[in-house]
Every structure is written in structure tokens, then in C-alpha cells.
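First residue of the sequence shown? That's 3 in the working numbering, and the numbers climb one at a time after it.
In what follows, a structure is listed as C-alpha cells, so that the remarks can point back to it.
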Amino acid sequence: MMRKIVISGAMILAASTAYAATSPTTAVKTLAKSVTVIAAPATTTLSGITRLVGKVVGPVARPATKLVLPERLASNFNVGALLIPSWGSGELPRSGRPDVVGAFRFICTPGQVLRDDPIVFPGQPGKSHLHQFFGNTSANAYSTYGSLRNKGDSTCGNMLNRSAYWVPAMLDGKGKVVRPDFVSIYYKRLPENDPNCQKMGKACVALPRGLRYIFGYNMATDKGGNFHFSCEGPTAVPGNYPDIVSAAKNCPVGNRLGAVINGPDCWDGANLNSSDHRTHVAYGTYGAIGRYHCPSTHPYVIPAFTLGAWYTVDENLDTSGQWAPGKSTWSLSSDTMPGMAPKRPGTTFHADWLGAWDDDVLEAWTENCINKLLSCNGGDLGNGKQMKEHAGFSWNAKPRLVDIPAA
């Protein structure tokens, strides 16, 4: 008998009306002006924007652009075997109201630890700082949308989500990598028929097939933002702390330290990537008009995700609240880079994402959870079906500590 788990607290990372008011994210179908197939079969070139599954949903007035989407790749496994009745009974999730956004949430467990980055250093294994991957278990420096769709298991539910996610590895100062116990992810966005979609931008659209981006601290500009650290547990003092040092002071041994980051919610409608892997997406702002909206250069509202990696605190995390270069404590692999002065631990937090969802499953949670303003937890697709959890799922990392791999 399946036991229903209501994900809350750190696990859903403040899925609240307050969040919706300050960072309204959005959901859904991609709208199109017209569709012209220019090239095939390797890619499909589209004029204007089309829905992920290739259906034209309606006109959107905008300059003609040529959006090149990867071809649709059907899953090479039995999709039905990885879906179960929601919570054992097929019950539908509750409405997300009074929130104004629909939500789709799931939990990931940690995967491989590699010095790879298939977005920044494609085809160059070992060139990146150390990353903690989750999601597709085959992800490495050579990964592309096509390779992710065709191989690999997943630590994010199951193979229906073969997307790759990665963050800087957490180092304990004693030669070990601290793996997160779990990583919580939720997507939120306004329903596509909400009039505020046209106030926030031109339209609320689905995540386009093949989208990828980096968000958080930018090493090229030495600027950060849209992330914080927190602590949860029996003796924790939760809060939004700017770095590991500040959070650790309020996070005694045995609690969980969380690194939480919010992704962009606006897209330019023309590019699945950009030279810096960031500027094709953007964050909405309130600006002078006092209303949350996307930049005019990025008028399409996409489901934005919030990611939270949660680590069990041990004695190697210095909880004094004091730090100086050379001090032994937890830090991110990106905090100390060759040729650069060490950064205050945690201030370089960022995340990368390369989407590789099964098209039908992505459409299901977009259409049901997001567009119907439902509150979907645990991979619940909002239609009576739920993603079956992968074998070996646990709320505790196994193993929690691993050796730092050789450079």
C-alpha cells in the first residue's frame, strides 16, 4: 500500500503565496505564430514559437525568428511501467489556491561527481571544477539533448526525466565530497489562460525541448544572486543566509544545511542556449511600473524551477560564524579556483540544467499541474498518474561522503 507523503518545509522550499507574489513563475504550452519545417531530421527549425509537442496553439504577434528545436525523440523504454496511480489511488492533487501559480514538485537523490560541465566545456572531460550531478546517471562532458534522451537512468524520479542537473560539489575541508541527502525541485508558473500572462510578457509557454541554462553566481562577472542558504532540523535556526559561513552559525551538527536557488522565469523565445549560457533567459522584475514583468527582450514566461540541495551537517563544518582564507570548513568547489583568491564559502553557488524530459510527461505536468493551477507533489502529474520513484530512493545520501576524485 502506498503511503502519501505531503512534501513541505525544506522539501518544497516555501511553496507559498508569498513566493508567488515576489517571484511569479509561469506555466505552459508554447504559442506559435506559424510553423515552417526548414530542416530535418536532426533538428526541426520553426518560425515563431511552437508548443513543445509541435502543435500550434495560437498566434503570438512578434518578429519572425527561426527557433531550432531538437527533433522529438520518443522514450526507448516502456513509459507505462514507470507511471503508477497517484498515491496508490489515482486521486487528483488539490488546487494551488490561494497561490496564483500551478506547481509541479519532485525529489532527486545525488548522482555522479565529475569534473565535467557539458554546457560550459562540452566534450572536454576534466576541465571544469568539481560538480555534483543528479538526474541522468549518464551525464558527463559529452552529454547532449540527444544523448540524454537515449540513455541513462535518473535519480530524479525515473527515466521519464532524463534531464541533467549539476551544482558545485560541497567539500568538507578534509579531502571528502559531502553529497546532499536529497535535492528538492519545483516548477511554478501562471496558468496559460491567466490574463496576467499578457501583463507579465507576451505569453506563458512550456519549457521548449532542448533548453539549457546556468543560473546563480557568474564567474565571468563575479556577480551572484537568486540563491541563499538555510538550515532545517531540531536545533536549527532557519533563515535566508547569504553564504555557508552565516548559515553554519545557526546549523549545529545533525541538522541539514540547504543551498537554495531560484531559476529564471523569462525566455527570449528564439534561443535554447547563448554564448554565456545565460542571456537567452532572464528574471522578471518589478521595475518602475511596480508590476512584476519580464524584460521586453525576454517576453515569454516559462516554468521556473527552484532547486534546494540539503546536506547533513557534521563536525567538519565550522559553526563559529568566522572565516578567513585557509580555514578548514565546508566550501563549494567553485569557491577556490586556480589563479583566484578563495571566495567566502558558498558565495559562488550556481546551478546548471540541460532538459531532457519525455515529451508526453512534460506536457502532462504542464497541462495539469501548471495550467490547471494544481499543487502537485512527488512527481504527481495532476492527471491521476505519478512518476514511480527509482529503486533505492532514500532521504539520506548513501554514501554521504566520497573521496575527491583526482584532477
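Every residue gets a Cβ at the ideal spot worked out from N, C-alpha and C, and that includes glycine.
It should be emphasised that the depicted structure is a prediction, and the values quoted were computed from it without experimental measurement.
Rounded to whole angstroms, Asp278 and Leu356 show a C-alpha spacing of 14 Å. Under DSSP, Thr308 forms a beta bridge with Tyr188, Asn264.
The DSSP assignment places 166-170, 178-180, 184-191 as complete runs of the beta strand (DSSP E) inside the region 155-208, in order along the chain (cut-off: 3 residues). In terms of Cα proximity to Asp316, the closest of Arg402, Lys68, Val102 is Arg402. Note on geometry: alpha-carbon atoms of Gly235 and Pro344 lie some 30 Å from one another. Apart from sequence neighbours up to five positions away, the residues of its chain that approach Thr287 with a beta-carbon distance below 8 Å are Tyr294, His295, Pro297, ordered along the chain.
The three-state secondary structure of Thr237, taken from DSSP, is coil. Straight through space, the alpha carbons of Leu209 and Gly203 are spaced by roughly 15 Å.
If you check the CB distance, Pro197 and Lys374 do not come in under 8 Å. Taking C-beta atoms as the reference points, Leu162 and Asp360 count as a pair closer than 8 Å.
The C-alpha of Gly227 is placed about 29 Å away from the C-alpha of Ala409. C-alpha of Ala290 to C-alpha of Thr281: approximately 22 Å in a straight line. Spanning the alpha carbons of Ala272 and Gln126 requires a straight line of approximately 27 Å. Around the beta carbon of Ser396, fewer than 16 other beta carbons lie within 10 angstroms, which makes this residue exposed.
Between Lys387 and Met339, the alpha-carbon positions lie close to 45 Å from each other. Contact between Asp267 and Ile304 holds: their C-beta atoms lie close to 6 Å from each other, under 8 Å.
Of the residues assessed, Ser97 falls on the exposed side of the cut-off, its CB having fewer than 16 other CB atoms within 10 angstroms. The DSSP-derived three-state label of Ile216 is strand. The C-alpha of Lys225 lies about 9 Å from the C-alpha of Thr349.
Less than 8 Å separates the beta-carbon of Gly113 from that of Thr139.
Looking at the backbone, the Cα of Gly128 and that of Leu85 are separated by about 36 Å. In the DSSP annotation of this structure, the continuous segment of the alpha helix (DSSP H) that includes Val247 starts and ends at 246-250. In the DSSP secondary-structure assignment, Ser130 is not bridged to any residue.
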